[in-house]
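Report on the following structure.
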Ligand SMILES: [Zn+2]
Ligand SMILES: [Zn+2]
């Protein structure tokens, strides 16, 4: 049946797996400086971008969401900060999931992975995980070799863009391909300026290798979003220097029909289903 609550192409899912052709499913298990983990699936296989919450918490949240961990075929690591790597070692060992990481990121991380599950990737070279295509590209952040990714499948492209100091041409170009994106909106500039962080930390956060402010993210979104974008999930919000309601209100004013959601530092999001509308000949039934 067609979800009566969601007449658009993006639907709240109540069960999983199910089959909706020409779709990808995405969710944030957690998002913020306390842990990042993003899930993208075509229904048959899934990848995690970062594994920054514990294995136990990853299992708990996926179970609550109705997402089978058995279809996770790979974990991709954006950079070595522990909010992106904390659960990777245990999760990958327990479920025998390959971890894709650059050599410099791995050397600078605390991960100790068995050789058979340690995989590498390079910027600009797509990695195919079943029918999913993961595209890595470099970004500006205070880490050894930071990357972001887009994940494509079933004619749908999803971007994961967090921990970004400045908007470079790579980020802009990749966002312009996306049907949906997790986009960092880390801090409100006034809240950071007037807040209690020491000066050096404020400078690090707003520096060229820090994080995107709400207004930087908004400028990226409004300048480079494509016509086919359906969903924006604002991500990696600061606990001290931002507020979910503030960010949602700001972006909703400029949404232009695109659904705006905010990923939480405390709980998982809903599972979103994003449909390739150009390929769908009739409304997708769930
Ligand atoms: Zn981070
Ligand atoms: Zn980071």
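Numbering (my numbering), first residue to last: 1 to 286.
Even glycine gets a Cβ: it sits at the ideal position worked out from N, Cα and C.
Does the beta-carbon distance from residue i to residue j come in below 8 Å?
i: residue 118; j: residue 42; result: no
i: residue 242; j: residue 214; result: yes
i: residue 179; j: residue 156; result: yes
i: residue 147; j: residue 172; result: no
i: residue 274; j: residue 23; result: yes
i: residue 51; j: residue 91; result: yes
i: residue 109; j: residue 80; result: yes
i: residue 217; j: residue 268; result: no
i: residue 224; j: residue 163; result: no
i: residue 125; j: residue 47; result: no
i: residue 31; j: residue 264; result: yes
i: residue 88; j: residue 65; result: no
Short of 8 Å in beta carbon distance, which residues of its chain neighbour residue i, apart from the five on each side in sequence? Order them along the chain.
i: residue 181; result: 158, 159, 160, 161, 175, 229, 231, 232, 233
i: residue 114; result: 93
i: residue 95; result: 69, 70, 72
i: residue 86; result: 35, 51, 52, 53, 54
i: residue 240; result: 191, 195, 196, 197
Quick one: what's got a C-beta closer than 6 Å to residue i's C-beta in the same chain, skipping five residues either side?
i: residue 121; result: 100, 127, 136
i: residue 222; result: 254
i: residue 266; result: none
i: residue 38; result: 28, 49, 160, 182
i: residue 62; result: 69
i: residue 226; result: 176
i: residue 98; result: 74, 117, 119
i: residue 244; result: 262
Helix, strand or coil for residue i, going by three-state DSSP, please let me know.
i: residue 136; result: strand
i: residue 276; result: coil
i: residue 251; result: helix
i: residue 121; result: coil
i: residue 266; result: coil
i: residue 52; result: coil
i: residue 90; result: helix
i: residue 30; result: strand
i: residue 240; result: coil
i: residue 197; result: coil
i: residue 184; result: strand
i: residue 67; result: coil
i: residue 167; result: coil
i: residue 258; result: coil
i: residue 46; result: strand
i: residue 175; result: helix
i: residue 294; result: Because the chain is modelled from 1 through 286, residue 294 falls outside the range shown and cannot be assessed.
i: residue 231; result: strand
Spatial neighbours of residue i within its chain, please: C-beta separation below 7 Å, excluding the five flanking residues on both sides.
i: residue 59; result: 69
i: residue 7; result: Reliability of the predicted coordinates at residue 7 is poor, the pLDDT of 31 falling under 50, and no value is obtained from them.
i: residue 166; result: 140, 208
i: residue 14; result: Low confidence applies to residue 14: its pLDDT is 42, below 50, so where it sits in the model is not reliable, and the reading given next is rough at best. Correct list: empty, nothing qualifies.
i: residue 153; result: 24, 42, 131, 132, 133
i: residue 84; result: 36, 50, 52, 77, 78
Residue i bridges to which residues according to DSSP?
i: residue 150; result: 135, 159
i: residue 100; result: 76, 119
i: residue 24; result: 274
i: residue 128; result: 133
* Asked: Are the stretch 140–160 and the stretch 205–221 touching, with three or more C-beta to C-beta distances below 8 Å?
  -> yes
* Do three or more CB pairs link the stretch 245–264 to the stretch 193–201 at distances below 8 Å? -> no
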